[in-house]
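Student:
Number of protein chains: 2
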Amino acid sequence: MLNHKDFRKHAHELVDWMADYLQDVENLPVKSMVKPGEIYQQIPAKAPGTGESMQQIMRDFQQIILPGITHWQSPNFFAYFPANSSYASLLGEMLTATLGAQCMIWDTSPAAAELEERMIEWLRNLLGLPEQFTGAIQDTASTATLTAILTAREQATHYSSNLTGLQNTKTFRIYCSEEAHSSVEKAVAIAGIGRENMVKVAVDDAFRMNPEALSVNIAKDREHGFTPLCVVATLGTTGVTAIDPLAAIGEVCKQQNIWLHVDAAFAGTALVLPEFRWMIAGIENVDSFVMNPHKWMFTNFDCSAYFVRDKEALLRTFAILPEYLKTESRGSVNDYRDWGIQLGRRFRALKLWFVLRNFGIDGIRERLRNHIALADEFARRIEQQPDFEMMAPRHLSLVCFRYHPEHITNEDEINKLNTNLLKKLNATGRVYLTHTKVGGKYTLRVVVGQTYVKKQHVDAAWDLILQTCLAVTV
Amino acid sequence: MLNHKDFRKHAHELVDWMADYLQDVENLPVKSMVKPGEIYQQIPAKAPGTGESMQQIMRDFQQIILPGITHWQSPNFFAYFPANSSYASLLGEMLTATLGAQCMIWDTSPAAAELEERMIEWLRNLLGLPEQFTGAIQDTASTATLTAILTAREQATHYSSNLTGLQNTKTFRIYCSEEAHSSVEKAVAIAGIGRENMVKVAVDDAFRMNPEALSVNIAKDREHGFTPLCVVATLGTTGVTAIDPLAAIGEVCKQQNIWLHVDAAFAGTALVLPEFRWMIAGIENVDSFVMNPHKWMFTNFDCSAYFVRDKEALLRTFAILPEYLKTESRGSVNDYRDWGIQLGRRFRALKLWFVLRNFGIDGIRERLRNHIALADEFARRIEQQPDFEMMAPRHLSLVCFRYHPEHITNEDEINKLNTNLLKKLNATGRVYLTHTKVGGKYTLRVVVGQTYVKKQHVDAAWDLILQTCLAVTV
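Those sequence lines, one after another, are chains A and B. Going by the working numbering, the residue at position 381 of the first sequence is 384; the numbering climbs one at a time, nothing skipped. Going by the working numbering, the residue at position 171 of the second sequence is 174; the numbering climbs one at a time, nothing skipped.
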């Protein structure tokens, strides 16, 4: 078993491995090439009886585990949305792990609670959110959106749903666009409201929620005896980064007295740029808001910032006080276990503090603008190539496109062609892209958002795409 | 902003800081001494415009943040339950942060999914859980217990509650002992069942759930038209580490066809010791089970192992498949986003693998037995001192006691005395203890469970307690 002296030695060795890895990561196959079961079969079925050396463990890590890693920190990673790290964030994570503090309440690490409070303020200011907003760092947007829906549920039942349950209550309805994230549906199910009561509002031709359709949905629901509870608007949908029109949606919510939650998990980071503040016109009618520094703000997963206008509503929904958690400081401090679902909490504010200070606002802006410019350049290449087709307007750093040679007109064939193209591209190991469907059409997504992505990586991806298209068949 | 070369340099410096910290941590005040607002006031209200150097940030970390940390990794930490780290775990966390992989599905890092599968098997085997159990690593027991209750809810409604909600359904009842953790109550509220439908079953004089009382509660509920849904049994309650009689509870659940979830968050680790396997007599009637390697198994928070007998029930409750998450491997691999609430997932299996291999089964057993022996010795001291009183039977590594000089007979005075004693003890900075109430009586808790705690630390704590008692008044 490692002792203190061993630890120092191994940690130094590991740092060199880490630095080498990050230096070389762009040369590794981005998406792991292993077959199902390949890693599993190499791990023994049982834990060893006696301890093994770190040399052995690290050797197995490199030989067995590493080939099974999809390299999210590669600048050739263009898939999903990024889950970025950065050098500063990594140092913060090392410290968080070292302190090993369980930050459930103020007493169990006052610095964690108070730094979290400040970081929420820093972010609020950076993103241009209203002064009244306060909040907490959660693990994921899934959890934050669930938190929002539960708070809306409690408020709408005059704080009785936690106590008496949803049996024999009104039937609530939740609204989001057809393009909203699956976590909304999951949250609606968990909260006991029922997926059938999630209304998918129609979108316009840019895949944005149609506020008139929302109004009609709500009116119809009221007619049928349903109780509209909450609208989830999305800034930057997962499929195509559509930006729901917040101002118009907010007006509807205000008139109808409905909780408005905003899922800006990815695109929220762009609010650091003044030129994207238009996305939150109408924020005055928003009740809660989530954005993930762990996506595009260079901060290791997990770090999801949840903001809420009515702090009391949040606390009344989640506060619980068993004897063993009573403290003298209670009431004069933030006990963040009352701001969400889980009791246990990591010291997540630390890495965010490291990132925001080491990058500075200018540093973050510069990097974001660079990503967006690279995405724009990529989009223009798509537009200029007659064999390619843009599948949605380019917002921020996501480009949605497909390969569509003029001579192929059958939609099934085009879908097949693009499915094969994606498979071939990812099989090269030189890029990792993922897909979505746009109006039933198989669509490739390129997100230019990885922390250390440069023009050369986007250029190489483009060349690879052109080259691979030549070889792809239906 | 840090570049690659800077990172290597700073990471090496940080490793020396980390090693020094862990070497010195026992000399730091265990519980932070800061006043509310003290840290907050030292952090500027806004993020800096331009980036700052790591030297500046690390200096502030040491000067501002460190005094606000409660040192969970100090061997003088006897509070709550431990949230242990270890050298091997820490190295694992460094790697997880470096890879920065988002392990939501198999494709996004096959090694993470397959190592997680193996780690669940290793733990199952280590703890003596049934072969049919499978599961996933979750963040916290709060989440795991919520997962269990949601799965029970879905199964009991023939998989309709997710779809149609709980409006107009039967009124479900959840049972746990009076001593169960607050996360059960929180989960019942979140799931839309209502706290009023959580029945707190009476306990015996060792604070264990009374299975006869459970039977009576269930029968009475059925008479009144309620639908018994789930029993949450606790192995190792937070207050006094009471062990609910699983065999008898399991019989009731079997006869009544009720989901049985076991919260063994802390005490589950003791199942690695054959002499504690009696705790899971009756496991054949258990449907789900949670234990936290991040408590007493030397693995950094967060790492909570959730086991379930009927994998299909779990997947039918949580599976969701939007287009952008469809993969070719789907169906032949474990996509762990379908095994719980959140979509996003850290690579948590890695640190657990590091710990289990570096310690080995023998190493874990040795350390646990040592902790338990130290707690036993401490308990015997309490018993032998006429001015002290044991407040609950000593189980595992928790000792519940109070100071009770013969001449004080008024219960309020004794409570006050012990409140003051705890405050004085923690104010020395040399130990950190927390409290609970046992039958309304203010009770001090000493948990001997921190990874690197030795006899000398427990001896010093005992001496300090004796010394502090002399000075404490009502």
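Glycine included, every Cβ here is placed at the ideal spot set by N, Cα and C. Predicted, not measured: the structure shown is a model, and the values here were computed from it.
Going along the chain, which residues of the segment 118-138 of chain A sit with their C-beta nearer than 9 Å to a C-beta in chain B?
Tutor: For the segment 118-138 of chain A, which is checked against every Cβ of chain B, the residues closer than 9 Å are Leu118, Glu120, Arg121, Met122, Glu124, Trp125, Leu126, Asn128 and Leu129.
Student: Below 8 Å on the Cβ atoms is my guess for Val441 (chain A) versus Val187 (chain A); work out the distance and round it to an integer in Å.
Tutor: So it is not a contact: roughly 19 Å between Cβ atoms.
Student: Go ahead and pull the three-state DSSP assignment for Pro85 (chain B).
Tutor: It is coil, neither helix nor strand.
Student: In the DSSP output, what is Val311 (chain A) paired with across the bridge?
Tutor: BP columns for Val311 (chain A) point to A:Thr137 and A:Ser291.
Student: What residues in the segment 174-194 of chain B have a beta carbon less than 7 Å from any beta carbon of chain E?
Tutor: The question asks about chain E, but that chain is absent: this structure's protein chains are A and B.
Student: Report yes or no: is there a C-beta of chain B within less than 8 Å of the C-beta of Gln158 (chain A)?
Tutor: Chain B contact via Cβ: absent.
Student: Please report the Cβ distance between Val202 (chain B) and Arg176 (chain B), rounded to the nearest whole angstrom; I am assuming they are in contact, meaning their Cβ atoms lie under 8 Å.
Tutor: Going by Cβ atoms, the distance from Val202 (chain B) to Arg176 (chain B) rounds to 6 Å, so yes, they are a contact pair.
Student: Contact criterion: CB-CB distance below 8 Å. Does Glu326 (chain B) meet it with respect to chain A?
Tutor: At least one chain A Cβ lies under 8 Å of Glu326 (chain B).
Student: Using a Cβ-Cβ cut-off of 8 Å, state whether Asn421 (chain A) counts as contacting chain B.
Tutor: Taking Cβ atoms only, chain B never reaches closer than 8 Å to Asn421 (chain A), which makes this a no.
Student: With DSSP collapsed to three states, give me the class of Leu447 (chain B).
Tutor: In the structure shown, Leu447 (chain B) sits in a strand (DSSP, three-state: E or B).
Student: Using a beta-carbon distance below 8 Å, is Ala316 (chain A) in contact with chain B?
Tutor: With 8 Å as the cut-off, Ala316 (chain A) does not count as an interface residue toward chain B.
Student: Could you tell me whether any Cβ in chain B is nearer than 8 Å to the Cβ of Lys203 (chain A)?
Tutor: Output row for Lys203 (chain A): interface = no.
Student: Out of A:Ser400, A:Thr330, A:Ala474 and A:Thr73, state which residue places its alpha-carbon closest to the alpha-carbon of Asn421 (chain A).
Tutor: Measuring from the Cα of Asn421 (chain A), the nearest candidate turns out to be A:Ala474.
Student: What is the DSSP secondary structure of Phe301 (chain B), reduced to helix, strand or coil?
Tutor: Here Phe301 (chain B) sits in coil by DSSP.
Student: Is there at least one Cβ from chain A nearer than 8 Å to Gln65 (chain B)'s Cβ?
Tutor: For Gln65 (chain B), the answer is no, since every Cβ of chain A falls outside 8 Å of its Cβ.
Student: Whole angstroms is fine: what's the gap from Thr146 (chain B)'s alpha carbon to Thr272 (chain A)'s?
Tutor: Each residue's alpha carbon lies about 27 Å from the other.
Student: Since Ser180 (chain A) sits in a beta bridge, which residues does DSSP pair it with?
Tutor: Beta-bridge pairing links Ser180 (chain A) to A:Val204.
Student: Between Gln76 (chain B) and chain A, is any beta-carbon pair separated by less than 8 Å?
Tutor: By this cut-off, Gln76 (chain B) is an interface position.
Student: Restricting to Cα atoms, I'd like to know which of A:Leu17, A:Tyr339, A:Leu129 and A:Arg121 is closest to Asp365 (chain A).
Tutor: The option with the nearest alpha carbon to Asp365 (chain A) is A:Leu129.
Student: Less than 8 Å between the beta carbons of Ser291 (chain B) and Thr154 (chain B), yes or no?
Tutor: Yes, they are a contact pair.
Student: Does the beta carbon of Lys440 (chain A) come closer than 8 Å to any beta carbon on chain B?
Tutor: Cβ-Cβ to chain B under 8 Å: yes for Lys440 (chain A).
Student: According to the Cβ coordinates, are Val358 (chain B) and Ser77 (chain B) closer than 8 Å?
Tutor: Not in contact: Val358 (chain B) and Ser77 (chain B) (Cβ atoms no closer than 8 Å).
Student: At a CB-CB cut-off below 8 Å, which residues of chain A make contact with Asn260 (chain B)?
Tutor: Near Asn260 (chain B) there are no residues of chain A at all, since even the closest Cβ is about 20 Å away, more than 8 Å.
Student: In whole angstroms, what is the alpha-carbon distance linking Thr439 (chain B) and Leu447 (chain B)?
Tutor: Using only the alpha carbons, I get a separation of about 7 Å.
Student: Can we say the segment 307-319 of chain B touches the segment 69-89 of chain B, given the rule of at least three CB pairs closer than 8 Å?
Tutor: The segment 307-319 of chain B vs the segment 69-89 of chain B: no contact.
Student: Starting from the beta carbon of Ala363 (chain B), find every residue of chain A whose beta carbon is closer than 9 Å, and list them in chain order.
Tutor: Before going on, a small fix: residue 363 (chain B) reads as Gly here, not Ala. Going along chain A in sequence order, the residues near Gly363 (chain B) (Cβ under 9 Å) are Met4, Ala50, Pro51, Gly52, Thr53, Gly54 and Glu55.
Student: Within the continuous beta strand (DSSP E) that includes Pro231 (chain A), where are the two ends?
Tutor: Its beta strand (DSSP E) spans residues Thr230 to Thr237.
Student: Output the distance between the C-alpha atoms of Pro325 (chain B) and Ser185 (chain A), rounded to the nearest integer angstrom.
Tutor: Rounded to the nearest angstrom, the two C-alpha atoms are 6 Å apart.
Student: With 16 other CB atoms within 10 Å as the buried threshold, where does His227 (chain B) fall?
Tutor: Looking at its Cβ environment, which holds fewer than 16 other Cβ atoms inside 10 Å, His227 (chain B) is exposed.
Student: Helix or strand or just coil, what does DSSP make of Glu55 (chain B)?
Tutor: Residue state, collapsed to three classes: coil.
Student: Could one say the Cβ of Asp305 (chain A) lies closer than 8 Å to chain B's Cβ atoms, at least one of them?
Tutor: Chain B, which has a Cβ nearer than 8 Å to the Cβ of Asp305 (chain A), makes this yes.
Student: Would you mind stating whether Val449 (chain A) and Val402 (chain A) have Cβ atoms separated by less than 8 Å?
Tutor: Yes, the Cβ-Cβ distance between Val449 (chain A) and Val402 (chain A) is below 8 Å.
Student: Taking 8 Å as the threshold (beta carbon to beta carbon), is Phe210 (chain B) in contact with chain A?
Tutor: So no, Phe210 (chain B) is outside the interface.
Student: Taking the CB atoms as reference points, tell me whether Asp266 (chain A) and Thr302 (chain A) lie closer together than 8 Å.
Tutor: In this structure, Thr302 (chain A) does not lie closer than 8 Å to Asp266 (chain A) by Cβ.
Student: My assumption, with CB atoms under 8 Å, is that His407 (chain B) sits in contact with Asp390 (chain B). Please give the rounded CB distance.
Tutor: So it is a contact: roughly 6 Å between Cβ atoms.
Student: Starting from Lys440 (chain A), trace the beta strand (DSSP E) both ways and give me its first and last residue.
Tutor: Note, Lys440 (chain A): beta strand (DSSP E), Thr437 to Val441.
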